[in-house]
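**Student:** Protein chains in written order, with the working numbering: chain A, 1 to 191; chain B, 192 to 344; chain C, 345 to 701; chain D, 702 to 1088.
Here a beta-carbon is modelled for each residue, glycine too, at the ideal position from N, C-alpha and C.
Keep in mind it's a predicted model, so treat the numbers as computed, not measured.
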Amino acid sequence: MADPNFPPASLSQEVEIPESISGLEPVRSVRSPIRLLYDFVPSPPVQEYLRAYSKKKILGHRSPIDGAVFVPPRGVDPRHGVLIEESVELSDKGHVGNFCVTHLPIPGRDDLETPYVSAWIHLDGASVGFLGLVAGCENDEVHIGMRVQAVWKEEEELGNTAENILYWKPTGEPAVPIEKAGNRAWDQTNE
Amino acid sequence: MSELEKPLRAELTVEYPFTRTTGTVIGAFMTGLREKRLFGIKRSDGSVLVPPLEYDPVSSEPLTEMIEVSQSGVVETWTWIDPPRPQSPWDDPHALALIRLDGSDTSMLHAVLVGSPSEMRTGMRVTAQWKEERVGHIADLEGFIQETEEIDS
Amino acid sequence: MSKSNSFRDVAVVSVASHQTKILSEVNEVQLMADLISKCRNSAGVTQEEIGFTCSGSSDFLAGQAFSFVHTLDSVGAFPPICESHVEMDGAFALYEAWVKLQIGEVDTALVYSYGKPSAGSIIDVLATQLDPYYVSPLWPDCFSLAALQARLLLDKGLITLEKMAEISMRSQKNGSDNPNAVRSSKDVLFENLMNEPPIVDPLRASDISEIADGGCAVILAAGDKAKSFCERPAWIKGIDHRVDSHTLGVRDLTRSPSAFLAAEKAGRNTDRLDLAEIHGMTSAQELILEKEFDLNEETMVNLSGGSLASDTMMASGLIRISEVASRIISGQADRGLAHATSGPCLQQNLVCILEGE
Amino acid sequence: MSAELTAILGIGQTKYSSTRGDVSIAGLCREAAYRALEDACLDWKEIDAVVIGKAPDFFEGVMMPELYLAEALGAVGKPILRVHTAGSVGGSTALVAASLIQSRVHEKVLTIGFEKQSESNATWALSLPQPFSVSINAGAGGYFSPIIRQYMSRSGAPELIGCMVAFKDRQHALKNPYAHLHQNDLTFEEVVDSPMLWNPIRYSETCPSSDGACAMVLGNEISGDRAENPVAWVHGTAMRSESNNFPGRDEVNPLASRQCAADVFRQAGITNPLKEIDAVEIYVPFSWYEPMWLESLGFAELDHGWRMVEDGTTSLSGGELPVNCSGGVLSSNPIGASGMIRFAEAALQVRGMAGDHQVDGAKKSFGHAYGGGAQYFAMWIVGAEKP
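1. Among the candidates G1013(D), K876(D), A914(D) and H873(D), whose CA atom is the shortest distance from the CA of I1036(D)?
2. Got a sec: which bits of the segment 204-219 of chain B sit with their beta carbon under 7 Å from any beta carbon on chain D, in order along the chain?
3. With a floor of 4 residues, list each alpha helix (DSSP H) that falls wholly inside the segment 241-292 of chain B, ordered by position along the chain.
4. Mark K809(D) as exposed unless 16 or more other C-beta atoms lie within 10 angstroms of its C-beta, in which case mark it buried.
5. If you drop the 5 nearest sequence neighbours on each side, which residues of the same chain put their C-beta closer than 7 Å to that of R959(D)?
6. Listing by chain order, which chain C residues have their CB less than 7 Å from the CB of I781(D)?
7. Grouping DSSP H, G and I as helix and E and B as strand, with all else coil, what is N539(C)?
8. Tell me which residues of the segment 922-940 of chain D have at least one Cβ-Cβ distance to chain A shorter than 9 Å, keeping chain order.
9. Using a C-beta cutoff of 7 Å, does P248(B) count as contacting chain D?
10. To the nearest angstrom, how far is the alpha carbon of S666(C) from that of G675(C)?
11. Give me the residue from Y458(C), P423(C), V430(C) and G395(C) with the minimum Cα distance to F371(C).
12. Considering Cα atoms alone, identify which of N139(A), D39(A), E48(A) and E16(A) is closest to W168(A).
13. What number of angstroms, rounded off, separates the C-alpha of G791(D) from the C-alpha of G814(D)?
14. In chain D, which residues lie less than 8 Å from A201(B) when you measure between Cβ atoms?
15. To be precise: take each residue of the segment 66-91 of chain A, compare its Cβ to all Cβ atoms of chain C, and keep it if any distance is under 8 Å. Which residues remain?
16. Mapping the DSSP letters down to three states, classify L375(C) as helix, strand or coil.
17. Taking C-beta to C-beta, are V265(B) and R291(B) nearer than 7 Å?
18. Return helix, strand or coil for R576(C), following the three-state DSSP convention.
19. Whole angstroms is fine: what's the gap from T255(B)'s alpha carbon to R234(B)'s?
20. Any idea if S719(D) is buried or exposed, counting beta-carbon neighbours within 10 angstroms, 16 or more meaning buried?
21. Residues of chain C with a CB under 7 Å from the CB of Y38(A): which are they?
22. With a threshold of 16 other CB atoms inside 10 Å of the CB of F1129(D), please say whether the residue is buried or exposed.
23. List the residues of chain C whose Cβ lies closer than 9 Å to the Cβ of P44(A), in chain order.
24. Please name the residue in A704(D), C908(D), K1064(D) and I1042(D) whose C-alpha comes closest to that of S789(D).
25. What span of residues does the alpha helix (DSSP H) with P44(A) cover, start to end?
26. So does the segment 398-413 of chain C actually touch the segment 523-535 of chain C, counting three or more Cβ pairs closer than 8 Å?
27. Bridge partners for F335(B) per DSSP, in chain order?
28. Residues in the same chain with beta-carbon distance under 8 Å from G1074(D), minus the five sequence neighbours each way, listed in chain order, please.
29. With distances taken from CA atoms, which of V835(D), A1055(D) and D1004(D) is nearest R855(D)?
30. Since I34(A) meets chain C, which of its residues come closer than 7 Å, beta carbon to beta carbon?
31. Around the Cβ of R650(D), are there at least 16 other Cβ atoms within 10 angstroms (buried) or fewer (exposed)?
32. Please classify I65(A): is it buried, with 16 or more other beta-carbons within 10 angstroms of its beta-carbon, or exposed?
33. Could you check the C-alpha separation between A653(C) and Q516(C) for me, to the nearest Å?
34. Can you give me the start and stop residues for the beta strand (DSSP E) that Q363(C) sits inside?
35. At a CB-CB cut-off below 7 Å, which residues of chain A make contact with P198(B)?
36. I'd like the span of the alpha helix (DSSP H) that includes T222(B), first residue to last.
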């Protein structure tokens, strides 16, 4: 294995710097900022999903193949590669499928005090989880299977955005057993 | 259409403050720009490549012999930019051209600063115009302007 | 591909594509799910029967890192699939799939690619493709670079403004039969094209490609499998791609040596060509390509209208292949050349020669 | 028709570091490429094609950089391909290069993966906020930590297994002159005391951000037979992908990983990986992924991978199955190259050219990369002898 402290033989010849600049402090780097603008338009199913939030509703998409419900709607069933057109309204209650206690601040979210808990929330009636914050209890009380419910913004603050849900709080209901929590639920109900 | 029915859309800005390390050859060219000098590099057949690369752009062999070239040269081809792109170094309409400097065997891309496309033609002679404040960047070269001797003749 | 080798017979057996000015009814994932389903259905294959899947797309175009990960949804990638992705036009994804089929372990491949340039400013996006020290910080747009190339050709007398207008007219007329053509017209007048003022001197609006959103899906199959999927497969008789120097000031911009070489290696000269679909960003580039490919009157060029009529970055090249293939599959033509390009001023080029039996 | 035998003729790497401030992007790549060419005793003219891989173009802000790099990498007048399959890209790139040989399309191919992360900030590039989506997940750690938590609860692994992996890989790195992190005085206690970032992931259990490139020259059977230096022979190659976040998905042990491993072992005729493989380079960006992948790949029984960490099986100092002798991703992570480094390090082992981190007498080794939400997999098995 070649010694990393020496350049490869083919690159060992030194560059001859012209005399007129050889004694000067050389430029070692250049700044080349890039700024690109994109017009972001969500797909029609996501538009419908975002709009429903203003009515405190959470929409999912039901697969025509096996009835699996996806939230947020993706427009397609990712296992079967077919378009999904059927929307279903979901409960704002569910359970924590899994979670992460994050000690790092997120760029652009100065409002979040660290450490905070982000979790895969599995809504009643949905076949996959989606991400949400869990609060209203101590971080170390959060566990896989814990039942939670959405805490919504005040009516007058509601917009076409998933941010209408401030966080998910524990309901105090009995927890979903760990072997039935999160993604594991699907195999057991459908096989 | 009410506010609630309009399609939702948002502007997404992707922005990075890239700082690129140059290596010796590009760094020397940039140093030259800071000092109002233009450098090229010799290829194995003795021809000169401007701006210089640390490798031959056809054979990929390393190149190491840098030399100074003239600040004047000939427009090989051009087009008219109006309006300039928001992030380009130029605010006013100008020509974009491939310019072969005297002493170079290849051409470089840069602006020719004239008022209208009618002042541009292939083969015209141009000379470098420098910015007052230079940091070692390709835009230290404000652009090229028509060589005055040619106007006289 | 080297001539001494004999390659396995591989054919395009099914294609589907869609282009439109602005994709708004569906997103890229839904568009591709639709096109891939159509493609698979017309060949009568399921994803489980497909041995290799390869796609092409660009994060920069999408404004999102790892954008292709989302589009995997459109394939239906479970059970897991054998899959790869190139950050290149789909024509190069097709090349990778063709290579995979040559190994002989799988017989069927799905190739797809897509782009949604309407989401951003493609001319700024493409400026980031250029030399990051000397050129990109000047933010030259792709059409200006193509204009430098066109002026060189005009100055040297290699093309004329009239020839360019004829190419634009051909594109607009041919495009009127193609539902995917965004800019087309049956009644376009030569005089009107000639009278257009330059927008990027010397190029007129009609000389530069019409940017469009869209996507394309293609199914490849080998040997008897191909015959079982399709009555008249479009056999790939040769496919090759080459790249030139990136530095514009080093190249002779009046030519595209990599396009010539790719065509030669793909076997362009072994027989007549009924049709060709060539991928240029300008009318002048189409003229360069016609010369590099030695196309003459016996070859119908860009019956679809070509990329001048609808140019979907990352998919235009694959669409050229699908246009030639579909005309061979339907029996309209026997032998054709399809071409894809990438990079400034025709820097990188791929040529695919397709033939019916 | 069978695939052409494929040999690894040459390998080149750059010293991985947080900033390679002395080179351009092309200069970085050329350093690795020339080392690979010199190892293979070849020059540019003898290379038929080039295959480049790297992670998102946003990292360096150069879109499709293979176009700019073509003339720096001997590709003018030749075919050049650019692969991007998320974190697995370095591995997938090597596999595309191998397919060009296996298919007999080419005889000698240069393949290279690189990243110059210092040009920007990788965390930004990875978590560009998307409009209309609530951003609460910071970086890859936020994604993988719940999956690790699930593994821990499923397997009953002791809490400090991740720290043991991190400490072991950093010790291995001390024997690899190319590794980014050379923490000579690091103690196990310091690994354990490192701040928690994404519980259960500590800072010490994550990978660094590196500049670097890794290149390989691959050749057909004849060029392998004629090579001056020892070569590695490809015994098996496989890639698999699966969608993300679908009902019933096993995120700890994805089916795509299991199927990819089964395929590559089948090709190599390997029925007992633990016994038949001498050295392993697996993609471990977070320490816990070592036991998780050992199970998924079949080196360990389900839920028992952590025991191999605990009892020292995966250590270069006398373990039965040394894992990541190079120091792994935990010690060097130029993202676009990281997968290729795993593949190249596996090849160095069977060539007997791994220097101080050589596993004595290694005859067969395993290279691995994964990406996305543990959705993309690339693997190869290489041997000192022809298959």
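**Tutor:** For this structure:
1. The residue you call residue 1036(D) lines up with position 335 of the fourth sequence. Comparing Cα-Cα distances from I1036(D) to each of G1013(D), K876(D), A914(D) and H873(D), the minimum goes to A914(D).
2. V205, Y207, F209, T210, R211, T212, T213, G214 and I217
3. none
4. As a first step, residue 809(D) is located in the fourth sequence; it is residue number 108 there, counting from the start. Looking at its Cβ environment, which holds 16 or more other Cβ atoms inside 10 Å, K809(D) is buried.
5. Start at 1 with the first residue of the fourth sequence, and residue 959(D) comes out as number 258. The answer, listed in chain order, is S997.
6. Within the fourth sequence, residue 781(D) is the residue found at index 80, counting from 1. Going along chain C in sequence order, the residues near I781(D) (Cβ under 7 Å) are V587.
7. Here residue 539(C) refers to the residue found at position 195 when the third sequence is read from its first residue. Helix.
8. Contact residues of the segment 922-940 of chain D toward chain A are absent (C-beta to C-beta distance below 9 Å).
9. One-based indexing of the second sequence puts residue 248(B) at position 57. Closer than 7 Å to some Cβ of chain D, the Cβ of P248(B) qualifies, so yes.
10. Counted from its first residue, the third sequence places residue 666(C) at position 322. Counted from its first residue, the third sequence places residue 675(C) at position 331. Rounded to whole angstroms, S666(C) to G675(C) spans 14 Å at the Cα level.
11. Position 27 of the third sequence, counting from 1, holds the residue named residue 371(C). At residue 371(C) the sequence reads Asn, which differs from the Phe that was named. Nearest of Y458(C), P423(C), V430(C) and G395(C) to N371(C), Cα basis: Y458(C).
12. Counting from 1 along the first sequence, the entry for residue 168(A) is found at position 168. Residue N139(A) is the option with its Cα nearest to W168(A).
13. Here the question's residue 791(D) lines up with position 90 in the fourth sequence. Here the question's residue 814(D) lines up with position 113 in the fourth sequence. Near 6 Å, if we compare the C-alpha coordinates of G814(D) and G791(D).
14. Numbered from 1 along the second sequence, position 10 holds the residue referred to as residue 201(B). Under the 8 Å cutoff, chain D gives P832 and F833.
15. R74, G75, V76, D77, P78, R79, H80, G81, V82 and L83
16. One-based indexing of the third sequence puts residue 375(C) at position 31. Note: L375(C) maps to helix in three-state DSSP.
17. Looking up residue 265(B) in the second sequence gives position 74. Looking up residue 291(B) in the second sequence gives position 100. Contact flag set, yes.
18. On the third sequence, position 232 is the one that residue 576(C) refers to. Here DSSP, grouped into helix, strand and coil, assigns R576(C) to coil.
19. The count along the second sequence starts at 1 and reaches residue 255(B) at position 64. The count along the second sequence starts at 1 and reaches residue 234(B) at position 43. Whole-angstrom Cα-Cα distance: 9 Å.
20. Within the fourth sequence, residue 719(D) is the residue found at index 18, counting from 1. Exposed, by the Cβ-count rule.
21. The residue labelled residue 38(A) in the question sits at position 38 within the first sequence. Those are G407, A463 and G464, listed as they occur along chain C.
22. Since the first residue shown for chain D is 702 and the last is 1088, residue 1129(D) is missing from the structure and cannot be characterised.
23. By one-based count along the first sequence, residue 44(A) stands at place 44. S368, E369, V370, N371 and Q374, listed in chain order.
24. Counted from its first residue, the fourth sequence places residue 789(D) at position 88. Ranking the options by Cα distance to S789(D), first place goes to I1042(D).
25. Against the first sequence, residue 44(A) aligns to sequence position 44. Counting along the chain, the alpha helix (DSSP H) containing P44(A) begins and ends at P44 to Y53.
26. no
27. The residue you call residue 335(B) lines up with position 144 of the second sequence. DSSP output for F335(B) lists V303(B) and A319(B) as bridge partner(s).
28. The residue you call residue 1074(D) lines up with position 373 of the fourth sequence. Contacts found: Y844, N945, N946 and E952.
29. Within the fourth sequence, the letter at position 154 stands for residue 855(D). It is D1004(D).
30. Stepping through the first sequence from its first residue, residue 34(A) is reached at position 34. Within chain C, the residues near I34(A) are T472.
31. Nothing in the structure corresponds to residue 650(D), since chain D is present only between 702 and 1088.
32. Reading the first sequence from its first residue, position 65 is the one you call residue 65(A). Exposed, because fewer than 16 other Cβ atoms sit within 10 Å of the Cβ of I65(A).
33. Within the third sequence, residue 653(C) is the residue found at index 309, counting from 1. Within the third sequence, residue 516(C) is the residue found at index 172, counting from 1. Going by C-alpha positions, A653(C) is about 6 Å away from Q516(C).
34. One-based indexing of the third sequence puts residue 363(C) at position 19. First-last of the beta strand (DSSP E) with Q363(C): V354 to T364.
35. Start at 1 with the first residue of the second sequence, and residue 198(B) comes out as number 7. For P198(B), the chain A residues whose Cβ falls inside 7 Å of its Cβ are V41 and Q47, in order along the chain.
36. Reading the second sequence from its first residue, position 31 is the one you call residue 222(B). Note, T222(B): alpha helix (DSSP H), G214 to R225.
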